[in-house]
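Notes to accompany the following structure.
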Amino acid sequence: MNDALISFHDVGKLYRNGTIALAHVDLAIRAGEFLTLLGPSGCGKSTALRLIAGLEKASSGQVERVLPHKPGTIGFVFQEPTLMPWARIHENVLLPLRLQKVPAREARQRVAEVLALVGLEEFGKAYPRELSGGMRMRVSIARALALRPALLLMDEPFAALDEITRFRLNDDLLRLKKELATTIAFVTHSVFESVYLSTRIMVMAARPGRIVEEIVIDPALPRDQDARASVSYMDYCRRASRALAGAAAELPPQAEGSKTP
Ligand SMILES: Nc1ncnc2c1ncn2[C@@H]1O[C@H](COP(=O)(O)OP(=O)(O)OP(=O)(O)O)[C@@H](O)[C@H]1O
Ligand SMILES: [Mg+2]
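The number in this note's numbering is simply the position in the sequence shown, starting from 1, with 7 added.
Given below as structure tokens:
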């Protein structure tokens with residue numbers, strides 16, 4: 008696949024308890040794109056991200072990387088901001104840089120830079136508890152960006168936020184992506200969010216976790232608050248919703264399975 012950073016070739020993931028989390032997945036993440044995995048709970052989205060990150064191994068097939076396999080190349084943002092509550096914001100963002108032995112002066116500079124990028128330059132000295140949920144998520148994004156990852160993985164980062172905050176962070180994320188020219192692989196349940204953010208959506212179905220449809224979104228689709236009500240935006244949303252509903256309809260009635268968090 009040309010300019011793919013990561014490619015899955017017929018990848019399967021079988022957990023020890025017998026759950027087939029992924030089956031026959033072919034997927035490529037291309038440089039510069041905003042790729043979203045959209046699917047119902049339990050369809051293997053997080054598993055796919057963990058395989059991309061190299062946090063887990065495939066049971067079958069191959070995961071091919073063009074990215075150097077070293078810490079910091081891939082940034083990961085989880086659904087919960089996972090900040091250290093006892094440490095100030097700038098220390099939270101500094102930690103991965105320290106672990107990577109980035110020289111102190113450069114590290115401080117980078118912390119200031121990424122906090123400014125996410126609009127929190129005034130909050131370096133605050134503690135996480137003094138920040139709103141949306142601000143904490145911004146810190147978490149800043150922390151992931153501090154290592155200047157070539158690929159940013161985001162697992163339902165905005166799911167716990169109210170809609171207004173979520174919309175604002177969607178816009179922030181698109182701006183950051185443009186400014187940093189980074190590649191993003193994103194996971195969400197939300198059709199609307201996936202269409203708003205992505206250049207390409209992979210719709211997934213569960214049991215076994217698999218890709219059922221690819222939706223390529225015109226990069227020229229306007230991404231602003233007015234665009235959320237536009238005809239072309241709604242057309243994409245309808246298409247993604249149909250793909251999701253089609254995938255769900257394939258399930259046997261008793262298929263609602265157990266889920267390990
Ligand atoms: N460590 C594990 N051991 C066993 N089964 C697992 C493990 N992690 C996930 N699973 C199972 O694999 C399937 C896919 O899980 P995964 O977490 O990747 O789904 P998901 O699409 O991210 O779901 P959600 O939207 O709820 O986060 C589920 O059936 C889940 O129960
Ligand atoms: Mg998940």
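Using N, Cα and C, we set each Cβ at its ideal position, and we do this for glycine too.
If you look at G19, you'll find it isn't in any alpha helix (DSSP H); it sits in the beta strand (DSSP E) that goes 11-21. Counting the other CB atoms within 10 Å of its CB gives P92 a total below 16, which places it among the exposed residues. When the Cα atoms are used, P156 and G25 turn out to be separated by approximately 34 Å. With a 10 Å radius around the Cβ and a threshold of 16 neighbouring Cβ atoms, A111 comes out exposed.
As the crow flies, the alpha-carbon of A192 is around 10 Å from that of A60. In the structure shown, Q86 adopts coil according to DSSP, grouped into three states. In the three-state reduction of the DSSP assignment, V109 falls in the coil class, being assigned neither a helical nor a strand state. Between K20 and A11, the C-beta gap is not smaller than 7 Å, which leaves the two residues out of contact. Assigned with DSSP and collapsed to three states, F199 falls in helix. Put simply, the stretch 145-165 touches the stretch 99-107. At least three CB pairs are less than 8 Å apart. Between the alpha carbons of E63 and V70 lies a distance of about 11 Å. By DSSP's assignment, V73 forms no beta bridge with any residue. In this structure, the C-beta of K52 approaches ligand 2 to less than 6 Å from one of its heavy atoms. Going by beta carbons, V125 and R145 fall inside the 7 Å limit.
DSSP places I148 in the helix class (H, G or I) of the three-state scheme. The beta carbon of E40 sits closer than 7 Å to the beta carbons of T190, T206, R207 from its chain, once the five residues preceding and following it are set aside; these are given in chain order. For V238, the enclosing alpha helix (DSSP H) begins and ends at 238-256. Residue nearest to S237 within the set L158, F199, E163 is F199 (criterion: CA-CA distance). Straight-line spacing of the CA atoms in K77 and L154 works out to 12 Å. Inclusion of L158 and I81 in the CB contact set at 7 Å is warranted, their separation being smaller than that value.
Per DSSP, F165 lies in no beta strand (DSSP E) segment and is marked neither H nor E.
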